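>
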Amino acid sequence: MGTAALTRCGARPLGSHLFAVWPGSSFAATALPVRCAPGDNLALHVAVAQAPPETALVVDVSGEPEYGYVDEILAVAARMRGLSGIVVDGCVSDVAAIARTGLPVLSAGVSVRAPGRDAGGEVGREVPFGDDRMPIPVRRGDWIVADDDGVVCLPRGKATAIVADTVEAVAADQRVIDALVAGGNTLELLNLDPSRVAGWEGAGAAPARSAERAG
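Numbered per our numbering, the sequence shown spans residues 1058 to 1272.
1. Go through the stretch 1117 to 1171 residue by residue and report every complete run of the beta strand (DSSP E) that reaches 3 residues or more, in order.
2. Closer than 6 angstroms by C-beta to Ala1062: which residues in its own chain qualify, once you throw out the five before and the five after it? Chain order, please.
3. Within this structure, are the beta carbons of Ala1165 and His1074 separated by less than 9 angstroms?
4. Within 10 angstroms of the Cβ of Ala1171, are there 16 or more other Cβ atoms? Answer buried if so, exposed if not.
5. Candidates Ala1229, Leu1114, Phe1084 and Arg1069: which alpha carbon is nearest Asp1205's?
6. Would you report the Cα separation of Val1144 and His1102, rounded to the nearest angstrom?
7. Does DSSP classify Leu1114 as helix, strand or coil?
8. Would you decide whether Trp1200 is buried or exposed? Buried here means 16 or more other CB atoms lie within 10 Å of its CB.
9. When the Cα of Gly1173 is compared with those of Pro1185, Tyr1126 and Leu1246, which residue comes out closest?
10. To which residues does DSSP link Ile1193 through a beta bridge?
11. Compare the Cα-Cα distances from Asp1117 to each of Gly1241, Gly1059 and Ala1104 and report the closest residue.
12. Is the beta carbon of Gly1278 sitting closer than 9 angstroms to the one on Leu1089?
13. Where Gly1072 and Val1115 are concerned, what is the direct C-alpha to C-alpha distance, given to the nearest angstrom?
14. Which residues in the same chain as Pro1212 place their Cβ atom closer than 6 angstroms to its Cβ, once the five residues preceding and following it in sequence are excluded?
15. Closer than 7 angstroms by C-beta to Ser1119: which residues in its own chain qualify, once you throw out the five before and the five after it? Chain order, please.
16. Are Val1078 and Val1149 closer than 9 angstroms when you measure CB to CB?
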């Protein structure tokens, strides 16, 4: 199930500024939060060394995004450790090399500025993510889902209900898509009011265009 559908059913988006470093990278895994010291990725090296396989690192960079916190070396280490992916609220470097590892990585940008490796940080403690005005707390054991549309958090204890609602929502969407393929239009299928839009040409306009396409 995609992040867009999960968000409609209660998953919390971690920010529209995050993007997949290589297209098609996606994962669903439990979170291991990491807080890096500003401009330093020692905490990331510690997290990769001790993280259980099939978990995802969710990395706060303490408000200093303009460093390549994840590079080829860390991506290879995480891949060999069996991690599911990394989400970093900062930049990465070695984009092509990260893509070659096959490790899903989502970041806020790309920077060739190298971080330090000696300033400390934290592993396993809750981190705030996203908008500074309304940050999303990410805790160890929360579920993280990432794809080309972004990254969302399913809080532990709520994940099962969110997934169940999303299954129903996806099925409902598919029924609409099937009806569209059969010649329907979104105004009727979604019970929309076109009279609110200036330039609406009347009840026969949408069906006429559908018939025109069919011809």
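Think of the CB as a built atom: it goes at the ideal place given N, C-alpha and C, for glycine as much as any other residue.
Bear in mind that the values here come from a model prediction, so they are computed numbers and not experimental data.
Taking the structure as given:
1. 1125 to 1127, 1142 to 1145 and 1162 to 1164
2. Thr1223, Ala1226 and Val1227
3. yes
4. exposed
5. Phe1084
6. 14 angstroms
7. strand
8. buried
9. Tyr1126
10. Phe1186
11. Ala1104
12. Here the chain has residues from 1058 to 1272 only, and residue 1278 is not among them.
13. 13 angstroms
14. Asp1199
15. Arg1092, Cys1093, Ala1094 and Pro1095
16. yes
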